[in-house]
Amino acid sequence: MTEFDERYAERTVREVKEDFLRRQSERRFLEKSWELNMNFLAGNQYCALNAAGEIEEEEPRFYWQYRRVFNHIAPAIDTRCAKLSRVRPSLTVRAASDEEGDLRTAKLSTAIIRSVSRESALDDAMMRATMWSETCGSSFYKVLWDGRGGNFLGYSEGEPIFEGCVRIVAVPPFEIYPDSLCAESVEECGSILHAKAVSVEEIEARYGVKLKGRDITEFSLAPYSQYAHFAGGQTARAESVKRGAELVIERYEKPSEELPDGRLTIVAGDRLVYMGALPYLNGAGGARSYPFIRQSAIELSGCFFGGSIVDRMIPVQRAFNAVKNRKHEFLNRLTMGVLAVEDGSLDTDELLEEGLSPGKVLVYRQGAEPPKMLGADTLPAEFEKEEASLLNEFILVSGVSEISSTSLNRTNVTSATGLQLLIDQDDTRLAVTTESIRRAVKEIGKHILRLTRQFATSERVLRMTGEGKRVELYYFSGSDISSDDVIFEVENESAVSPAQRRSLIFELYNMGLLADENGKVSDEMRQKILDALGFGGLDNARGLTALHTNKAAEENRRLLKEEVAADSYDDDGAHVAEHTRFLLSDEFNSKDRKAKERFERHLRAHRDRSKLSGKE
Numbered sequence: 023m024t025e026f027d028e029r030y031a032e033r034t035v036r037e038v039k040e041d042f043l044r045r046q047s048e049r050r051f052l053e054k055s056w057e058l059n060m061n062f063l064a065g066n067q068y069c070a071l072n073a074a075g076e077i078e079e080e081e082p083r084f085y086w087q088y089r090r091v092f093n094h095i096a097p098a099i100d101t102r103c104a105k106l107s108r109v110r111p112s113l114t115v116r117a118a119s120d121e122e123g124d125l126r127t128a129k130l131s132t133a134i135i136r137s138v139s140r141e142s143a144l145d146d147a148m149m150r151a152t153m154w155s156e157t158c159g160s161s162f163y164k165v166l167w168d169g170r171g172g173n174f175l176g177y178s179e180g181e182p183i184f185e186g187c188v189r190i191v192a193v194p195p196f197e198i199y200p201d202s203l204c205a206e207s208v209e210e211c212g213s214i215l216h217a218k219a220v221s222v223e224e225i226e227a228r229y230g231v232k233l234k235g236r237d238i239t240e241f242s243l244a245p246y247s248q249y250a251h252f253a254g255g256q257t258a259r260a261e262s263v264k265r266g267a268e269l270v271i272e273r274y275e276k277p278s279e280e281l282p283d284g285r286l287t288i289v290a291g292d293r294l295v296y297m298g299a300l301p302y303l304n305g306a307g308g309a310r311s312y313p314f315i316r317q318s319a320i321e322l323s324g325c326f327f328g329g330s331i332v333d334r335m336i337p338v339q340r341a342f343n344a345v346k347n348r349k350h351e352f353l354n355r356l357t358m359g360v361l362a363v364e365d366g367s368l369d370t371d372e373l374l375e376e377g378l379s380p381g382k383v384l385v386y387r388q389g390a391e392p393p394k395m396l397g398a399d400t401l402p403a404e405f406e407k408e409e410a411s412l413l414n415e416f417i418l419v420s421g422v423s424e425i426s427s428t429s430l431n432r433t434n435v436t437s438a439t440g441l442q443l444l445i446d447q448d449d450t451r452l453a454v455t456t457e458s459i460r461r462a463v464k465e466i467g468k469h470i471l472r473l474t475r476q477f478a479t480s481e482r483v484l485r486m487t488g489e490g491k492r493v494e495l496y497y498f499s500g501s502d503i504s505s506d507d508v509i510f511e512v513e514n515e516s517a518v519s520p521a522q523r524r525s526l527i528f529e530l531y532n533m534g535l536l537a538d539e540n541g542k543v544s545d546e547m548r549q550k551i552l553d554a555l556g557f558g559g560l561d562n563a564r565g566l567t568a569l570h571t572n573k574a575a576e577e578n579r580r581l582l583k584e585e586v587a588a589d590s591y592d593d594d595g596a597h598v599a600e601h602t603r604f605l606l607s608d609e610f611n612s613k614d615r616k617a618k619e620r621f622e623r624h625l626r627a628h629r630d631r632s633k634l635s636g637k638e
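Using my numbering, read the sequence shown as starting at 23 and increasing by one per residue.
Put into structure tokens, the structure is as follows:
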């Protein structure tokens, strides 16, 4: 760098760091509330935010007070996450028109989304993001292009060359800093900071800059600390120290009149390692935009970060702990009793040290009032009433009923329909969170296609498993992707559980709706039923039918170019069904008259032979 460049870099680094500190200070209270939520979820429930906005331990008023934790937050969050894990939207791309080229492109784009989702472990990212959003209220996905990913192509000037791939990363809310906490979406932000503690080795590999590194323990930069609450009431904090690391700040600025292509500035430690236009054409219409997608548990009006169920459960959890502990203290008094003694009548030091054990001999001063046990009443019914009331409050606040969380049914509902309605009510209360996940996944699908279109400049091959477990190869480049109109295959996949799906299939089977006109279930339908029940991998169940179907599919490709004779060992019914399916699909060009004639002759041969054998 020239002297001017060095001064400019220093000024830019200082500006970015000051901007980061300002944003960090503005949302400090939010970060502390997230940390408090993590404490309660982990079981440290005797802490609170003080007037300064710092988390401090609550000391017991008396040394003898019980400080047990009866954690109802953790199972409620576990149940919610388990239910939300069923939300795995299957995306497809809608063709721009009914032209053959658009239909083929839509099918290719759908295959790309599914391939990238599998290769980048989208399900794992969704699971981590959902856990963060349930705990803190919000989480984010970062969809980016990894130039060092994908298949290895060779070497150039001694450096390995890869074809590149899309990566999807779950980002905790601690790492994202908007320019305004009042923005209601990522797109409304004029700029966004992504700050994270990164090892110096990774910084060198990514940016070619060597840094000394330091130990980073600040919770907001390494939010993986855990509190462990023990039975005695002590709390131990195990801090996650990121050693040999530096703070990396990425500042994304939205395109504007001053910056038509936006701007990305990256600062690592005290070094400016990158400054340039926003790298990704991932917005609508090929515009440059942010690589972040937000997911929230509860949407809050006028807030960038969403709300968490844990926020609402903390007051109920505090009250429940208090009731349970006071109840146990009362039971102890009831069983142990309280001994009243005249002052100076006996050695109270010995009594305090040894307690009042069964059979203990109390020696008191002659002439003094003998020790006596103070009477204790029975356990007040208010304890049980308040405990039951708070348990109902947990259900009301969390949206998770006792049936969903513990499989216990304390209601008067016994019918299958009634119980299913109770479970459906739980699912309905998760609808807001479910919809946020679906919107995020849909946006991820669009980003996948737009990044692939931008960076996949050379031809590559995509290997996918199609119908009949056949392996299909797609040869494409980014220019082949003309549509990013992503839609859901199923409107609400979480509405039907696996058990409900199996029950529905059995009902349809018993009603005869899965059989043909002769009352028999065809081999093809049998395969589909097994697939839907989760037994599609049973080779014995698929039998020869799958082999015949695959052979017919291979013949489809040959018939497009040449005549193919029907073999004597072919299953005529399976071949007729597969050839007919292909003729009716988008893959077949109905304008190819010669190919159509070859198919007709081939089908006629199968049908004639089937009639001779008496199968029709």
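Even for Gly, the Cβ is constructed at its ideal location relative to N, Cα and C.
Where the beta strand (DSSP E) through residue i begins and ends
i: His216; result: 213–221
i: Phe510; result: 508–510
i: Val115; result: 113–115
i: Leu412; result: Note, Leu412: premise wrong, no beta strand (DSSP E); alpha helix (DSSP H) at 403–420.
i: Ser178; result: 174–178
Residue i versus residue j - alpha carbon distance
i: Gly421; j: Glu457; result: 16 Å
i: Gly499; j: Val463; result: A quick correction: the sequence has Ser, not Gly, at residue 499. Rounded to whole angstroms, Ser499 to Val463 spans 23 Å at the Cα level.
i: Ile135; j: Leu269; result: 33 Å
i: Phe352; j: Leu401; result: 7 Å
i: Leu441; j: Phe405; result: The predicted position of Leu441 is uncertain, since its pLDDT is 46 and thus under 50; a value taken from the coordinates is nonetheless stated next. Cα to Cα, the separation comes out at about 29 Å.
i: Ala438; j: Glu529; result: A caution first: Ala438 carries a pLDDT of 48, below 50, which makes its placement in the model too unreliable to give a value.
i: Arg631; j: His601; result: 16 Å
i: Arg334; j: Leu71; result: 15 Å
i: Ala147; j: Ile190; result: 7 Å
i: Lys633; j: Asp538; result: 18 Å
i: Gly254; j: Arg89; result: For Gly254, the predicted structure reports a pLDDT of 41, less than 50, and the residue's modelled location is therefore unreliable. The matter cannot be settled from this model.
i: Asn572; j: Leu605; result: 16 Å
i: Ser107; j: Met149; result: 7 Å
i: Ala244; j: Gly366; result: 59 Å
i: Arg340; j: Asn93; result: 10 Å
i: Gly307; j: Ser330; result: 34 Å
i: Pro194; j: Glu141; result: 22 Å
i: Pro337; j: Ala104; result: 24 Å
i: Val332; j: Leu63; result: 8 Å
i: Ser311; j: Ile466; result: 13 Å
i: Glu223; j: Gly291; result: 13 Å
i: Gly212; j: Asn61; result: 33 Å
i: Thr370; j: Phe416; result: 45 Å
Beta-carbon contacts of residue i that lie in its chain and below 7 Å, excluding the five residues immediately before and after
i: Val91; result: Gly65, Gln67, His251, Asn343
i: Lys394; result: Ala362
i: Arg603; result: none
i: Arg45; result: Tyr199, Leu215
i: Ile183; result: Leu175, Gly176, Tyr177
i: Arg228; result: none
i: Val543; result: Leu536, Ala537
DSSP bridge partner residues for residue i (one or two, in chain order)
i: Trp167; result: Val188
i: Val270; result: Lys218, Ala290
i: Lys394; result: Ala362
i: Glu197; result: Glu197 is not bridged to any residue.
i: Lys264; result: Ile238
i: Ala70; result: Glu78
i: Arg90; result: Answer is none; Arg90 lacks a bridge partner.
i: Ile315; result: Tyr163
Where the alpha helix (DSSP H) containing residue i begins and where it ends
i: Arg460; result: 453–477
i: Thr34; result: 25–48
i: Ser95; result: At residue 95 the sequence reads Ile, which differs from the Ser that was named. Start and end: 95–106.
i: Gly595; result: 594–606
i: Leu535; result: Taken as a continuous stretch (DSSP letters only), Leu535 belongs to no alpha helix (DSSP H), as it is neither H nor E.
Residues near residue i by beta carbon distance below 6 Å, same chain, minus five either side
i: Lys692; result: Here the chain covers residues 23 to 638 and nothing more, so residue 692 does not appear.
i: His469; result: Val165, Asn304
Closest residue to residue i among the options (Cα-Cα distance)
i: Gly233; options: Gly266, Met297, Tyr88, Ala588; result: Per the sequence shown, the amino acid found at residue 233 is Leu instead of Gly. Here the closest residue by C-alpha is Gly266.
i: Val454; options: Glu156, Ala143, Trp56, Gly75; result: Glu156
i: Ser318; options: Glu57, Asp120, Val383, Ala192; result: Ala192
i: Asp27; options: Ala133, Ala478, Tyr296, Gly230; result: Tyr296
i: Thr287; options: Val165, Tyr163, Glu37, Arg524; result: Glu37
i: Gly171; options: Phe477, Glu619, Glu585, Arg626; result: Phe477
i: Ala390; options: Leu368, Leu144, Glu321, Leu413; result: Leu368
i: Ala118; options: Gly212, Asp593, Ile503; result: Ile503
Sequence-distant residues of the same chain with beta carbon closer than 8 Å to residue i, five excluded per side
i: Glu481; result: Tyr497, Phe498, Ser499
The ligand MG heavy atom lying under 7 Å from the CB of residue i
i: Ile77; result: The ligand MG is absent from the structure shown, which contains no ligands of any kind.
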